[in-house]
Amino acid sequence: MGSLEKKVELFCEVFPKLSDFEKEDWEENFLVEFTHDSTSIEGNTLTLIETKMILADKIVPTETTLRELDEVRGHAEAWQFVKDCVKRHVPLTEGIIKDIHERVVPARGIGGIYRNIPVYIRGARHVPPNPRKVWEAMKDFAYRMEHDDFADPLEKAAWLHAEFVRIHPFQDGNGRTARLLMNYHLLAQGFPPTSIKLKNRGAYFAALEEYSVGGRLTSFLQLLQQNMERELEAFFTMYSLHMDVPELQRRRPELAALAMSYREQETAKS
1360 MGSLEKKVEL
1370 FCEVFPKLSD
1380 FEKEDWEENF
1390 LVEFTHDSTS
1400 IEGNTLTLIE
1410 TKMILADKIV
1420 PTETTLRELD
1430 EVRGHAEAWQ
1440 FVKDCVKRHV
1450 PLTEGIIKDI
1460 HERVVPARGI
1470 GGIYRNIPVY
1480 IRGARHVPPN
1490 PRKVWEAMKD
1500 FAYRMEHDDF
1510 ADPLEKAAWL
1520 HAEFVRIHPF
1530 QDGNGRTARL
1540 LMNYHLLAQG
1550 FPPTSIKLKN
1560 RGAYFAALEE
1570 YSVGGRLTSF
1580 LQLLQQNMER
1590 ELEAFFTMYS
1600 LHMDVPELQR
1610 RRPELAALAM
1620 SYREQETAKS
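When we follow this note's numbering, the leftmost residue of the sequence shown carries the number 1360, and every step to the right adds one.
This is the structure:
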């Protein structure tokens, strides 16, 4: 069992043991950070604190533009929709993708509608398919989404994201939608969600370009793995006291040593 796989399984053991308050707190923090990361990568200038004010405190900061407010609220609504779908075991389909996009770009008149104009990605060598080819490309995407074989859920999540961005089927909101699709699949497979940080924007775009131009997924998959590793480390550091090592030794001995290492790290700090 690989290191990341073990950490994901340990997460699945620990998260249910959190109190309702702790679960809500973790989920709200992820909502705010994911929304801020995903919108700021695309140029939204609202800070993390301002994003929290809008989503958690229901306060609109002074001088917030309507466009940036809509982006934050739309992303949050789309994320809630994703979680609700996964909870109800709704499979990810082309129709669901359109429903997600419709929430990502509210009040624009383009939500869930494939583009009929050419689009260009600033600074990229890759040119997305001609609008006449988008419908066919998305049918192929939906087929491969259902039938292609992948080594593990993380590889499929990386492919979903990278291939969707390569097609760029919508006029706007493709990056935000791609990151939501990635997490849709992760949640559906029992993985925790993950958020690409603004500070990793350069490496992130370079990895997507490598896939779009050369068909190589390796760099993006590695970036995604490293990103999830960091987030799981932060989770375990915060909630290590919820790790019941004796119980794990009885039921899941392959995870007990990993849990013990986090408990010992926290004990050493205190």
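Just so you know, even glycine gets a beta-carbon here, dropped at the ideal spot from N, CA and C.
Determine the DSSP secondary structure at Met1360, reduced to helix, strand or coil. For Met1360, the pLDDT reaches just 42, beneath the cut-off of 50, and the residue's location in the model is therefore unreliable, although a value from the coordinates is still provided. Coil at Met1360, not helix or strand.
Cα-Cα, which of Ala1415, Arg1467, Lys1515 and Tyr1502 is closest to Asp1327? Nothing can be reported for residue 1327, as the shown portion of the chain is limited to 1360 through 1629.
Backbone CA spacing between Leu1405 and Asn1533 [nearest angstrom]: 19 Å
Note down, one range per segment and in chain order, each alpha helix (DSSP H) of at least 4 residues found wholly within the region 1453-1479. The DSSP assignment places 1453-1463 as complete runs of the alpha helix (DSSP H) inside the region 1453-1479, in order along the chain (cut-off: 4 residues).
Leaving out the 5 sequence neighbours to the left and right, which residues in its chain are closer than 7 Å to Met1360 when beta-carbon positions are compared? Reliability of the predicted coordinates at Met1360 is poor, the pLDDT of 42 falling under 50, and the value obtained from them is presented with this limitation in mind. Here the set comprises Glu1613.
So Pro1450 and Met1497 are supposed to be a Cβ contact under 8 Å. How far apart are they, rounded? Between Pro1450 and Met1497, the beta carbon gap of about 16 Å keeps them out of contact (Cβ cut-off 8 Å).
Distance between beta carbons of Tyr1563 and Ile1555, contact taken as under 8 Å: 5 Å
Exposure of Lys1558, with buried meaning 16 or more beta-carbon neighbours within 10 Å: exposed
May I have the straight-line CA-CA distance separating Arg1525 from Val1604, to the nearest angstrom? 44 Å
Of the residues Tyr1621, Ala1521, Glu1461 and Lys1628, which one's Cα is nearest the Cα of Leu1311? This structure cannot settle anything about residue 1311, because the visible part of the chain is limited to 1360 through 1629.
Assign Trp1438 to one of two classes, buried (16 or more other C-beta atoms within 10 Å of its C-beta) or exposed (fewer than that). buried
Can you give me the Cβ contacts of Met1619 inside the same chain, cut-off strictly under 7 Å, excluding the 5 residues immediately before and after it? Residues Val1604 of the same chain have their beta carbon placed closer than 7 Å to that of Met1619, with the five preceding and five following residues left out of the count.
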